[in-house]
Each structure stands twice: as structure tokens, then as C-alpha cells.
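Trainee: I'd like to ask some things about the structure below.
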Amino acid sequence: MHSDPTHFQHTQVANLKPLLQRQQAAFAVAPNPDWATRKGWLKSLDKMLDRHADAFVEAIAADFGHRAHQETRLAELMTVRSAITHALKHTKGWMRGQRTKTSLTFWPGKTRMVVQPKGVAGIVSPWNYPLQLALVPAIAALSAGNRIMLKPSELTPRFSQALQSAISETFDEDLFTVVTGEVELATAFTALPFDHLFFTGSTAVGRQGGVAAAKNLVPVTLELGGKSPAIIDGSANLQMAMERIAYGKLLNAGQTCVAPDYLIMPQAMIVDAIAHLKTTAQTYFPALDNNDDLTSIVSDRHFERLQKLVADARSHGATVHRSQPENGDHDFDALANQRRMPLTILTDVTDEMDVMQEEIFGPLLPIVARETLEDALAYVRDGERPLALYWFGDDADKREQVLTQSISGSAAINDTTLQVAQDDIPFGGIGASGMGAYHGRAGFDTFSHQKGVFIQGKISAAKLLMPPYTKRSNWMISFLNRWV
Ligand code: NAD
């Protein structure tokens with residue numbers, strides 16, 4: 429059973445700095461853990477996951493009000509396990525660094541790269557996938573040989589407590605520790621002089637974290653949010669596209685950073701698109717009331733925020749289409765107690781509506797009408813650079829046009845969200861959706877310092893270039909200028 433979060437002892441702000449200092453002292457004693465050590469850490473994490481998986485699933489469900497267990501096992505546990513397996517397979521090779529060449533000018537000197545852990549990494553994680561977004565960065569940090577202080581979200585207190593005790597029974601405190609607290613602790617945490625700060629959360633709070641880190645010149649990775657569009661081309665199989673979009677939108681009740689935020693398509697396709705979306709949503713969730721497959725909105729504040737987005741859009745002229753209209757079977761007041769919502773499609777939307785201004789993070793799906801790909805791309809370009817961009821269609825030229833003419837953190841073609849599940853491509857944002865990346869090799873590189881080293885030979889022609897400068901030096905310098 430998960431424990432009662434009201435009796436949870438948070439970390440004292442005053443204890444943060446001493447904790448960091450202990451980790452830094454331990455790192456100074458062993459600054460380059462070998463592969464066997466790192467492998468041991470990753471395997472310990474894997475075993476910890478086996479021991480605590482059920483407790484994590486239950487704690488997250490309780491924190492959300494309800495989270496479908498399958499969603500936690502699929503989108504969190506499986507992702508973390510896959511990241512561990514991938515790191516176990518590749519870290520040894522990544523630790524060797526890339527081979528380097530040395531320009532003939534500097535022979536017989538040589539160059540090489542020394543790949544080092546940065547030191548102590550601070551990781552801040554959000555509530556929406558609390559396990560995955562805490563542990564996948566942690567796996568990258570451990571495989572790169574770092575020590576970790578991790579601060580999970582205060583919105584998932586049962587899970588945070590479960591994670592804290594699971595990590596403390598698995599790792600020494602000076603290697604990997606979880607600290608918990610409210611905003612005051614979070615603010616103090618991001619102000620610590622870490623060797624790297626890895627923050628996942630909203631753009632607004634990430635900006636504050638980035639400013640705090642900049643004061644100490646701490647390198648940062650910011651994994652943020654924003655409005656990720658899905659563009660539907662006339663060449664798309666509309667039914668298939670809407671089925672996949674509905675899945676990406678309704679997974680975790682839309683509380684997914686890379687969920688398709690809104691759709692762009694030609695006006696003539698909208699009526700059919702709505703019909704397919706409704707049918708799909710009804711197939712996935714025939715009933716909303718007490719349906720264990722349907723995840724709840726995490727808090728009353730977020731539930732009210734979503735209701736207000738719909739009300740605001742309606743008051744500015746939007747048309748609202750719900751997958752399950754309100755009737756005897758779907759009493760929306762009862763659903764409010766469970767914080768469950770139907771898929772809510774919005775048409776006739778305009779930019780002045782709040783729903784088109786802020787990240788939705790829930791099961792609302794506005795549709796913007798644009799007739800050409802150029803107009804759709806221009807619409808996206810007018811907003812902030814998104815975390816993800818999706819395109820549905822069958823026309824290869826247009827697909828390449830989308831991929832090369834739009835800038836987003838990541839992209840998927842003919843599906844949504846699955847780019848995040850790939851261990852062999854980087855995942856990260858750009859501009860307002862973040863900076864830096866992780867997953868697989870990109871994560872290892874994020875938490876490593878790649879030190880370029882030049883090793884001089886016993887004999888070196890450089891001596892011939894040293895002062896006093898003579899005619900011969902001038903000749904050699906002009907020869908070298910032509911040579912390089
Ligand atoms: P949030 O920004 O409110 O909180 C994220 C973390 O920051 C939490 O641990 C919180 O305690 C901490 N925090 C709060 N105030 C802080 C402060 N003043 N200084 C430093 N840290 C502070 O985000 P959230 O509501 O937990 O998560 C939802 C957001 O995260 C969405 O915008 C979503 O798109 C984004 N997100 C991004 C990714 C990604 O990989 N890019 C993944 C998941 C979620």
C-alpha cells in the first residue's frame with residue numbers, strides 16, 4: 429500500500445547544500461568510475477524497479493486520483509527498463525569517446541578525447557510521467573558516471589515518497605539521493621552549484637530554473653513544453669490518422685508533453701475528422717464514469733483550468749464537439765468528482781482564445797483550418813518552436829518539406845508521441861520548448877564532459893616558430909598558412 433502523504437517529512441532547505449557537498453566530496457575521491465562500477469549502478473536500479481514496480485504503479489494511480497495501470501506500465505516502467513537495457517549495452521563503447529585525427533602540421537603530436545563525468549547532477553522532474561521523467565535522466569547521469577540529487581514533483585507526493593525510499597535503500601546517499609519539498613525547496617534546489625542541472629517541466633518554471641543555474645554558470649538541459657501541432661495532409665488516410673491522434677491525445681488524459689496539442693487541416697476534411705475522432709474515443713472509452721482505463725486529470729486546479737479553456741473558447745465563438753455528449757450515461761457533474769473528461773474537440777477557433785495561447789495538457793483538441801502546407805507551416809512558425817511536430821500524409825515530397833522547413837524539438841510522421849520511445853535518437857526541445865537533449869547516446873553526452881587533449885611529441889617543429897622571429901620564421905609561417 430502507498431503511504432499517507434500528509435505524514436511525509438520533506439527535505440529541509442538547509443540540508444540541500446551539505447548534501448551536495450557530501451556528493452561532491454565523494455566524487456572528488458572517485459572522479460572516474462569504471463565500467464564495472466557503472467554497470468553495477470544500472471543493474472541495481474533495474475533490480476530496484478523489479479522490487480518496487482507495483483508500489484510505483486499504485487502510488488501514481490493514487491496521486492492522479494486514477495491513472496490506468498496499463499499506462500504506467502507501458503509509458504513509464506517499460507521506457508525506464510528499455511533505457512537501462514540500452515545503457516547497459518552501449519555505455520562501455522560511449523566511455524571510449526570518438527577517435528580523433530591529428531593534422532599533419534602538428535605531427536608527431538597526437539590528439540585524443542577524454543570523456544569524463546561532469547560530477548554531481550541535479551535533476552528536477554514533473555508530475556505527468558513521474559517515474560519515467562525522474563529515472564530516464566538518472567540512467568543517463570549514472571551511465572556517464574555522475575552522482576545525482578533528484579527532486580520530483582510535489583504534485584505526486586505518494587510516488588515521490590515511494591521513490592525516495594526505494595532509492596535510499598538501493599544507493600548510498602552520496603551517490604544518488606531524492607529530496608522532496610514544495611516550491612521553496614525547488615527554488616533553492618535549482619540555485620545549487622551543481623555540475624549539471626537537468627530540468628523537465630513547464631516553460632515558465634524552466635525559465636526560472638535556467639536563470640538560477642546561470643548565476644552559478646551551471647550547464648543546463650531544459651526539457652520544457654508548449655503547443656505541439658499535428659498537420660494533416662490531404663494525402664493522409666484520415667481514419668487511421670484520427671485513430672492515432674486520439675490515442676496520442678488521450679494517453680494519460682492528454683497530460684503528455686508531446687501530446688498533439690492541436691490539429692491543422694483543410695476545412696473540407698474537418699467534418700469527417702471529427703466523426704473519426706469521436707468514434708475512436710468512444711471505442712477506447714465506451715463509458716467515462718468509473719472507467720479504470722481512463723486516467724483522471726491530476727488536480728482540481730488543472731481540471732478547472734481545462735473547463736475554463738473550453739468556456740473561454742465557447743464564449744469567443746468556438747464550436748464544442750464532445751466524444752460523449754452529456755446525457756443519463758454521462759453525467760458531467762459526477763465525472764467532475766473523478767476529474768475525468770471526454771475528448772473535447774474545438775472548431776472555429778481563433779488565436780485570441782486561451783486554448784490557442786497556452787499548452788493544453790488535457791483532452792481538448794482544437795482544429796485550425798488551413799488550406800495549404802505552406803499556410804500550415806507559416807501558422808506553426810508564427811508561434812513558439814514546438815517540442816514535437818506531427819505530420820500525417822503519404823506524399824514523400826511534402827513530408828521532406830515539413831521535416832526540413834519546420835523547426836521543432838522532435839517529429840513523428842504518421843503517428844504521435846512514439847519518437848520519445850526511441851533510444852537511438854535524441855529527445856529534447858528547441859527555443860521555448862527547451863534546450864539540450866537526452867535518451868541513449870545523447871543522454872550520455874549531456875552528462876559527460878568531452879575533454880579534447882593534445883599530446884606533444886618528444887620532437888616538435890613548433891620550436892622553429894618561436895621568437896626571435898627571423899626570415900626563416902616568416903617563410904615558415906607563410907608556408908604553413910598556405911599548407912593548412
Ligand atoms: P512545473 O514546471 O510546474 O514543475 C516542474 C518541476 O519544477 C517540479 O518538480 C516543480 O516542483 C519544480 N518547480 C516548481 N517551481 C519551481 C521553481 N520556482 N524553481 C525551480 N523548480 C520549480 O511543470 P509540471 O506542471 O510538473 O509539468 C508539466 C509541464 O512539463 C508541461 O509544460 C509539460 O509540457 C512539461 N513537460 C515536458 C517534458 C519534456 O520532456 N520536454 C516532459 C514532461 C512534461
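All residue numbers for the sequence shown refer to our numbering, where the first residue is 429 and numbers rise by one.
All C-beta atoms in this analysis are idealised placements derived from N, C-alpha and C, irrespective of residue type, glycine included.
Alpha carbon to alpha carbon, what distance is there between Lys579 and Gln452?
Mentor: 17 Å
Trainee: Select from Thr608, Ala658 and Asn556 the residue whose C-alpha is nearest the C-alpha of Cys685.
Mentor: Asn556
Trainee: Under DSSP, the alpha helix (DSSP H) around Trp911 begins and ends at which residues?
Mentor: Element bounds for Trp911: Lys899 to Trp911.
Trainee: Along the chain, where does the alpha helix (DSSP H) containing Gln878 start, and where does it finish?
Mentor: Careful: Gln878 lies outside any alpha helix (DSSP H), inside the beta strand (DSSP E) at Ser876 to Ile883.
Trainee: Can you name the start and end residues of the alpha helix (DSSP H) that Gln452 belongs to?
Mentor: Leu444 to Val457
Trainee: Span of the alpha helix (DSSP H) holding Ser588?
Mentor: Pro585 to Thr598
Trainee: Considering only their Cβ atoms, is the gap separating Pro621 from Phe875 smaller than 8 Å?
Mentor: no
Trainee: For Met429, which residues in the same chain have their Cβ closer than 8 Å to its Cβ, ignoring the five residues on either side in sequence?
Mentor: Residue confidence for Met429 is low, a pLDDT of 44 falling below 50, so the modelled location carries little weight and cannot support an answer.
Trainee: Would you say the beta carbon of Gly745 is closer than 7 Å to some non-hydrogen atom of ligand 1?
Mentor: no
Trainee: Which residues bound the alpha helix (DSSP H) around Glu610?
Mentor: Unbroken run through Glu610: none, as it is neither H nor E.
Trainee: Given a threshold of 16 other Cβ atoms within 10 Å of its Cβ, counted over all protein chains shown, does Phe907 qualify as buried or as exposed?
Mentor: exposed
Trainee: So, with DSSP's three-state summary, where would you put Met429?
Mentor: Low local confidence applies: a pLDDT of 44 at Met429 is under 50, so the model's placement there is unreliable, with the coordinate-based value given in what follows. Met429: coil per DSSP, three-state reduction.
Trainee: Is the beta carbon of Thr598 sitting closer than 8 Å to the one on Leu473?
Mentor: yes
Trainee: Please classify Pro896: does DSSP put it in a helix, a strand, or coil?
Mentor: coil
Trainee: Which term fits Phe587, buried or exposed, when burial requires 16 or more other beta carbons within 10 angstroms of its beta carbon?
Mentor: buried
Trainee: Do Gly837 and Ala816 count as a contact pair if the criterion is CB distance below 8 Å?
Mentor: For Ala816 and Gly837, yes; Cβs fall inside 8 Å.
Trainee: DSSP three-state label for Leu473, please.
Mentor: helix
Trainee: List the endpoints of the continuous alpha helix (DSSP H) containing Leu846.
Mentor: Unbroken run through Leu846: none, as it is neither H nor E.
Trainee: Report the rounded CA-to-CA distance for Asn718 versus Ala674, giving the unit in angstroms.
Mentor: 20 Å
Trainee: Relative to the alpha-carbon of Leu691, which residue among Asn902, Ala804, Trp903 and Lys879 has its alpha-carbon at the smallest distance?
Mentor: Ala804
Trainee: CB Ser724 to CB Ala681, shorter than 8 Å?
Mentor: yes
Trainee: Assuming contact is defined by CB atoms lying nearer than 8 Å, are Gln847 and Ala840 in contact in what I supplied?
Mentor: Contact flag set, yes.
Trainee: How is the alpha helix (DSSP H) around Val508 delimited, first residue to last?
Mentor: Met506 to Arg524
Trainee: Measuring straight from C-alpha to C-alpha, what distance separates Phe855 and Lys655?
Mentor: 16 Å
Trainee: Below 6 Å CB to CB, which residues in the same chain sit around Arg910 once its five sequence neighbours on both sides are set aside?
Mentor: none
Trainee: Within the same chain, show all residues whose beta-carbon is closer than 6 Å to that of Ile702, passing over the 5 residues directly before and after it, in chain order.
Mentor: His749 and Ile773
Trainee: Tell me whether Val633 counts as near ligand 1, meaning its Cβ is closer than 7 Å to at least one heavy atom of that ligand.
Mentor: yes
Trainee: So what does DSSP say about Ala562, is it helix, strand or coil?
Mentor: helix
Trainee: Let's test the definition: count the other Cβ atoms within 10 Å of the Cβ of Lys886 and tell me whether it reaches 16, buried, or not, exposed.
Mentor: exposed
Trainee: Going by CA-CA distance only, name the one from Asp721, Ala715, Ala616 and Asp776 that's closest to Val738.
Mentor: Asp776
Trainee: Would you mind stating whether Pro694 and Ala658 have Cβ atoms separated by less than 8 Å?
Mentor: no
Trainee: Please report the distance separating the alpha-carbon of Ile853 from that of Leu448.
Mentor: 31 Å
Trainee: Pull up the distance between the alpha-carbon of Phe731 and that of Leu801, whole angstroms please.
Mentor: 34 Å
Trainee: On a Cα-Cα basis, can you pick out the residue from Trp535, Pro554 and Met523 that is closest to Val542?
Mentor: Across the set Trp535, Pro554 and Met523, the C-alpha of Met523 shows the shortest separation from the C-alpha of Val542.
Trainee: In chain order, what residues of the same chain have a beta carbon less than 8 Å from the beta carbon of Val508, not counting five sequence neighbours either side?
Mentor: Correct list, in chain order: Leu477, Leu559, Gln560, Leu563, Val564 and Ile567.
Trainee: Residue ranges of each beta strand (DSSP E) run of no fewer than 3 residues wholly in the stretch 627-664, ordered along the chain?
Mentor: 648-651 and 657-660
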